[in-house]
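Data block below; observations after.
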Amino acid sequence: MKSVAFHNLGCKVNGYEMDFMQQTLQERGYKIVPFGERADIYIINTCTVTNIADRKSRQMLHRARKMNREAVVVAVGCYVQMENDSILKDMGIDLAVGNNRKKDLAVILEKYLEKRESYQRSGDKTLQGTTVIDIGKEKEYEAMSLAHTAQHTRAFIKVQDGCNQFCSYCIIPHARGRIRSRKLDDVIREVETLAGNGYREVVLTGIHLSSYGLETGDDFSKSKLPELIRAVAQVPGIWRVRLGSLEPRIITEEFAQALAQSGKLCAHFHLSLQSGCDTVLGRMNRKYTAREYYEKVCILRKYFDHPAVTTDVIVGFPGESDQEFQETCSFVEKTGFYEMHIFKYSRRKGTPAAKMEGQIPEEVKGKRSAALMELGEELSRKYRENYLHKEVEVLFEEEKMINGKRYQIGHTREYIKAAARTDEDLSGQVMTGVLESFLQPDILLFQM
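Going by the numbering used here, the residue at position 343 of the sequence shown is 344; the numbering climbs one at a time, nothing skipped.
Have a look at this one:
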């Protein structure tokens, strides 16, 4: 029995795909071991969203080689797709598998193992060019389905791949290809399986989730995402449906109203912002203004009671002046996000932004990042304070020791982390109670 160690880099979609690859190898009799252990095969699911992600991918691949010089080291995913020439020259990598071939990893791996010495002698890492395809021409969704995930109560489900937006800083449309959507019936079958295995919450994810069903065109009013949400919510055993990142332009009165009618949809919406300044948004090739974005947030707050609105912000984008950054800060404060992910702009080779004038020094990026993170922490605490002494519903997920005491940890529908002081195992249970006080800055004490 050969042992296999996985390491995942990048987004939730990558995480889903890694879970699937691991599941298929387990079904074929491979032994899955932690990445830090010596293994016969190391599989690194790579990321290429920034130059830093590329470097991390290379570091993990080389780390795997050092752990066992005789092991088969497999590079999978986005870094392979974008840096195929570098992969082919890297003597520490044995096998390269691009996007939309992950579903075939087990078959590809076994084909390689059958003639390993021959492939090594010839330096063939793509099995005669069959394991890395021209993703830009790919029109078929890569079918995968899970029965179990890494988590025990919440399951991430990939329903869409690819992106047609071409933001000026982003390489992902080139690494993931064009929009491809999963068939609704396939999604429902997977959700039914997961529900039967005890999962109570599903999170619908994709590279550009709002484009679900939009293989042609860019009219988000024709997205089939609302139809998918309704169908998933009707699966017996599923108590909650949560959404991955949404394109702001999908939010309309009709969209929000349709979502509000589902009693199972969590009032937790991640709308990627990137900047609160219109001139920066224009350079980023984001197709909305700050005013339009704010209108979308107001629509959500009209149809949902104090929803959690989270976002991403990039600081230090090429040409960003102090005034433009201050506009973003003012916009963030006015909008009142629950949580923000702050990223310092990272120059990515192959994107228009990498060639723009006015690249911002790292020191300036660091100061701006720190300032926004401090503001984000204030806003996050203020949002949590709004739920103190209010009745909420918590789905419990795990046990955790805090200050020497045992707590059951879970999340509300708004994704506020809550802790109940009990020795009883509540994993997978949904309980109603009151959030009494702050146990830690990011955890509220829950009283059943």
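C-beta atoms are modelled at their ideal positions from N, C-alpha and C, and glycine is treated no differently.
Item                                                                                                                            : Value
Extent of the continuous alpha helix (DSSP H) run through F397                                                                  : It is not in any alpha helix (DSSP H) - F397 instead sits in the beta strand (DSSP E) that spans E392 to I403.
Simplified DSSP assignment, three categories, for D162                                                                          : strand
Helix, strand or coil at V242 [DSSP, three-state]                                                                               : strand
Residues near R287 in its chain [Cβ-Cβ closer than 7 Å; skip 5 each side]                                                       : C168 and Q275
Alpha helix (DSSP H) runs wholly inside the region 88-145, at least 4 long, in chain order                                      : 106-115 and 117-123
Close Cβ partners of L440 (< 7 Å) along its chain, the five nearest in sequence each way excluded                               : I403, A420 and L446
D426 versus I88: straight-line alpha-carbon distance, rounded                                                                   : 46 Å
Nearest-angstrom Cα separation, counted from C79 out to E118                                                                    : 27 Å
Classification of L195 by the beta-carbon crowding that lies within 10 angstroms, buried from 16 upward                         : buried
Sufficient close CB pairs (3 or more, under 8 Å) joining the region 135-153 to the region 60-68                                 : no
Whole-Å CB distance - K3 paired with I42, under 8 Å assumed                                                                     : 6 Å
Cβ-Cβ distance between T312 and L272 below 8 Å                                                                                  : yes
Which listed residue (N85, R284, T253 and V5) has its alpha carbon closest to that of G30                                       : V5
Runs of beta strand (DSSP E) wholly within the region 16-63 (minimum 3 residues, chain order)                                   : 32-34 and 42-47
Contact under 8 Å by Cβ, R349 with P319                                                                                         : no
Same chain, Cβ closer than 8 Å to S394, five either side skipped, listed in chain order                                         : With the sequence shown as reference, residue 394 is identified as Glu, and Ser is not the correct amino acid for it. Same-chain partners within the cutoff: T413, R414, V431, M432 and T433.
Where F157 falls: helix, strand or coil (DSSP)                                                                                  : strand
Secondary structure of N85, DSSP reduced to three states                                                                        : helix
Buried versus exposed call for R155 [16 or more other C-beta atoms within 10 Å across all chains shown]                         : buried
Residue range of the beta strand (DSSP E) that includes Q275                                                                    : Looking at the DSSP string, Q275 is not in any beta strand (DSSP E), and its letter there is neither H nor E.
Residue nearest to K57 in terms of C-alpha spacing, selected from R39, V81 and M357                                             : V81
Expected contact under 8 Å - CB spacing of S212 and N165 to nearest Å                                                           : 7 Å
Under the three-state DSSP convention, the category G78 falls into                                                              : strand
Buried or exposed (CB count within 10 angstroms, at least 16 for buried), S246                                                  : buried
Identity of the residues DSSP links to Q360 by a beta bridge                                                                    : Bridge partners of Q360: none, in fact.
Residue range of the unbroken alpha helix (DSSP H) whose run includes V188                                                      : L185 to G197
CB of L301 within 8 Å of CB of V314, strictly                                                                                   : no
A291 versus T336: straight-line alpha-carbon distance, rounded                                                                  : 10 Å
Contacts around S347, its chain only, beta-carbon distance under 6 Å, and the 5 residues preceding and following it disregarded : T51, N52 and I53
Close beta carbons around L244, own chain, < 6 Å, minus the five adjacent residues each side                                    : L205
For I172, the first and last residue of its enclosing alpha helix (DSSP H)                                                      : Element bounds for I172: n/a, residue is neither H nor E.
Whether L376 touches E334 by CB criterion (8 Å)                                                                                 : yes
Under the three-state DSSP convention, the category G351 falls into                                                             : coil
Nearest-angstrom Cβ-Cβ length linking H149 and N198, presumed shorter than 8 Å                                                  : 6 Å
First through last residue of the beta strand (DSSP E) which encompasses V1                                                     : Examination of residue 1 is not possible in this model, given that the chain is present from 2 through 449 alone.
Residues of its chain near D424, where Cβ-Cβ distance is below 6 Å and the 5 sequence neighbours each way are ignored           : R407
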